[in-house]
Amino acid sequence: MKESHLLKQVVRSLLAGQLKAAADPHRPHWHLAAPVGLLNDPNGFIEHGGRYHLFYQWNPLGCAHANKGWGHVTSTDLLHWQHELPALLPIEPYEQSGCYSGSAVSDEQGRLTLIYTGNVKYPDGSRTAYQCLARADGMGGFAKLGPVLELPEGYSGHVRDPKVWHDGRQWLMVLGARTLDDRGEVLLYRGDTLDGWTLVGPIAGSGRGGLGEFGYMWECPDLFALDERHVLISCPQGIDPRGEDYRNLYQCGWLAGHFDGTQFEHGAFHELDRGFEFYAPQTTQDSQGRRLLFAWLGLPEENEMSQPTLEHGWIHQMSCPRELFWQDDWLCQRPVAEISALKGAPTRFEGAPDELPALAIDSAWLELALSGEGRLGFGAVAELVWQPGRLVLRRQNWQSGEWEERSCPWLGGKITVLCDRSSLECFVDGGRQTLSTRYFPGENPILSARCDGDDSKICLDHWPLAACLVQ
Ligand code: FRU
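Going from the sequence shown to the working numbering is simple: count from 1 and add 18.
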């Protein structure tokens, strides 16, 4: 498609759809969502030139997984975002089926440079992929520099989602991959420049590092140092549920260990979030030294096309910005401190669940200390059940109407819940576990509570959170 024609379609889609999307009662007050159409993975997350840049997988023309380009927003505080020009639209033959996920770096000359996957699907169902570059053009847009890497031998057309960084000596890249015999892997490349790459080899995957069989494809890898240790985050596909683990269609988790520049020795795989929707996260280190993360609060192919927001011409949202940290050798997450600026006047309640006053949770921050056994109701369609040693997030499936649940271990510590219209993000035991979900409670939902035992008690701090619109 010619760029000018596609751009006209994007403009029409925005003119026709933006007000309708903004008027949806499910629309987040302070989370990022696309102005119209479909948003999925966070891409190119970086602090550059004094601003945070976040790009996102975007279909500006509708709510299906099609026409993927990169939307672009910037901010100085991770809260107030400004729309920038669409960064990438699929125009060229080497990206004709989408400008897929990738990352951003500041190149040797300090220019903001994007590395993304050009996806090409053929009519017979096969596909290929190119890793491509685009560089800031000085006018708010990005100039495409074309492919710099083709498929490695022995791999299927599913090789994508480059995450690139500089280790002080050389450029390094991790890529998600599916072998020809359907094993998911993370590939490592090295390069002296951003356009010349050499395969080092697989550094993790199914059948590697003691994992056993572990899926047919690993998407969206991200490898980084956090204090003295290294973390590899990735999204394996093709893992069956085991007890309370791996209950979603696709997984998202972390491996901790040591990366020596060519190999990664790591321990067990742990889910990064144990709720219903959390996928394809991407991290960056900011100028304060924080390791920050955004994730897509969605999951490919699970009840997507029955989400009620489709009526308003948009679908999906980002997680809140989170900060990663270690506690007792465990990777933990907390909402970034900046979000506290949205807090209004606090309300404190201490007592039996049945005495809880009706508190508005349309947009709210809750701090909870819970004892005994009981449940908190979020509107009529989601619940957080506390039991000794275990927390259960239940919700009514918006497609089937059935109640379903996800759970995590609970040490009995504090729980933070961030509520924003159609999403809940729970940080358990100070962030050792997180449970995130979309839910569609309707307008002005109220928090309620119930005892499941004799001596349950709630200590709750509640703050309304102000709306924080994207400009
Ligand atoms: C993950 C993913 C990536 C791909 C992108 C396409 O959600 O499938 O692997 O690059 O989405 O939108």
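Glycine included, every Cβ here is placed at the ideal spot set by N, Cα and C.
What you are looking at is a predicted structure, and each value in this text was computed from that prediction instead of being measured.
Same chain only: Cβ atoms within 7 Å of residue i, ignoring 5 sequence neighbours per side
i              : result
alanine 39     : Arg45, Pro53, Val54, His330, Gly331, Trp332
glutamine 114  : Pro108, Val138
glutamate 262  : Ser425
proline 463    : Ile379, Asp380, Phe396, Gly397
leucine 103    : His90, Gly158, Gly159
glutamine 269  : Cys253, Pro254, Ile257, Glu289
tryptophan 314 : Asn58, Asp59, Pro60, Tyr297, Ala298, His334, Met336
leucine 229    : Phe287
serine 144     : Gly175
Enclosing alpha helix (DSSP H) for residue i [first to last residue]
i            : result
glutamine 36 : 21-40
First and last residue of the uninterrupted beta strand (DSSP E) at residue i
i              : result
arginine 145   : 145-154
methionine 191 : 189-197
glycine 80     : Run containing glycine 80: none; DSSP gives neither H nor E here.
methionine 235 : 235-244
threonine 211  : 202-211
asparagine 61  : 55-66
serine 119     : 117-124
proline 490    : No answer is possible for residue 490: the residues shown for the chain start at 19 and end at 489.
proline 4      : Shown here, the chain extends from 19 to 489; a query on residue 4 therefore has no answer.
tryptophan 183 : 173-184
lysine 475     : 475-482
arginine 309   : 309-314
lysine 361     : Where lysine 361 is concerned, there is no enclosing beta strand (DSSP E), given that its DSSP letter is neither H nor E.
tryptophan 99  : Premise fails: tryptophan 99 is in no beta strand (DSSP E) and is neither H nor E.
serine 337     : Neither: serine 337 is in no beta strand (DSSP E) and is coded neither H nor E.
tyrosine 490   : No information on residue 490 is available, as it lies outside the stretch 19 to 489 that the chain covers here.
leucine 217    : 214-223
valine 399     : Neither: valine 399 is in no beta strand (DSSP E) and is coded neither H nor E.
alanine 161    : 160-167
histidine 90   : 87-93
Cβ neighbours of residue i in the same chain (closer than 8 Å, five flanking residues each side left out)
i             : result
tyrosine 112  : Gly136, Val138, Tyr148, Cys150, Gly164, Pro165
lysine 432    : Glu385, Leu386, Ala387, Asp447, Gly448
glycine 172   : Thr197, Leu198
arginine 129  : Arg153, Ala154
aspartate 185 : Gly279
beta-carbon residue i near the ligand FRU non-hydrogen atom, thresh 7 Å
i             : result
serine 415    : Here residue 415 turns out to be asparagine, not serine, going by the sequence shown. Outside the cutoff, so no.
glycine 194   : yes
glycine 116   : yes
lysine 86     : yes
aspartate 291 : no
lysine 380    : Reading off the sequence shown, one finds aspartate at residue 380, where the question assumed lysine. For the ligand FRU, not one heavy atom lies less than 7 Å from the Cβ of aspartate 380.
tyrosine 17   : With the chain covering 19 to 489 only, the question about residue 17 has no answer from this structure.
proline 104   : no
aspartate 59  : yes
glutamate 237 : yes
glutamine 75  : yes
serine 174    : no
arginine 178  : yes
tyrosine 112  : no
alanine 3     : Outside the modelled stretch of the chain, which goes from 19 to 489, sits residue 3, for which no answer is possible.
alanine 298   : yes
serine 119    : yes
histidine 276 : no
histidine 334 : no
histidine 71  : no
proline 46    : no
Neighbour flag for residue i against chain B, beta carbons, 8 Å
i             : result
glutamine 188 : Among the chains in the structure shown there is no chain B, since it carries only a single protein chain.
Contacts around residue i, its chain only, beta-carbon distance under 6 Å, and the 5 residues preceding and following it disregarded
i              : result
serine 174     : Arg196, Leu198
arginine 309   : Leu244, Thr301, Gln303, Leu342
tryptophan 348 : Arg450
glutamate 320  : Leu267
glycine 233    : Gly202, Ser224, Pro254, Gln255, Gly256, Ile257
aspartate 155  : Ala161
proline 220    : Glu203, Leu205
aspartate 200  : Tyr234
Any non-hydrogen atom of the ligand SAH within 7 Å of residue i CB
i             : result
threonine 135 : The model on display carries the ligand FRU but not the ligand SAH.
| request: Mind listing, in chain order, the continuous beta strand (DSSP E) runs of no fewer than 3 residues lying wholly within the stretch 404-472? | output: Considered as a whole, the stretch 404-472 harbours 408-414, 421-427, 433-438, 441-446, 451-456, 464-469 as its complete beta strand (DSSP E) runs of no fewer than 3 residues, in chain order.
| Between the stretch 413-426 and the stretch 364-376, do at least 3 Cβ pairs fall closer than 8 Å? | The stretch 413-426 vs the stretch 364-376: no contact.
| Counting Cβ pairs, one atom from each stretch, are 3 or more of them under 8 Å apart for the stretch 352-370 and the stretch 25-37? | No: the two stretches stay apart, fewer than three of their Cβ pairs being nearer than 8 Å.
| Entirely enclosed alpha helix (DSSP H) segments - the stretch 367-393, minimum 4 residues | Taking only runs of at least 4 residues, no alpha helix (DSSP H) segment lies wholly in the stretch 367-393.
| said: Between the stretch 389-402 and the stretch 467-480, can you find at least three pairs of beta-carbon atoms closer than 8 Å? | reply: The stretch 467-480 vs the stretch 389-402: in contact.
| query | Quick one: any contact between the stretch 265-285 and the stretch 83-97, if contact means 3 or more CB pairs under 8 Å? | reply | No, the stretch 265-285 is not in contact with the stretch 83-97.
| task | Tell me the start and end of each unbroken beta strand (DSSP E) in the stretch 227-299 that is at least 3 residues and wholly inside, in chain order. | result | Here the runs fully enclosed are 235-244, 247-255, 271-277, 282-284.
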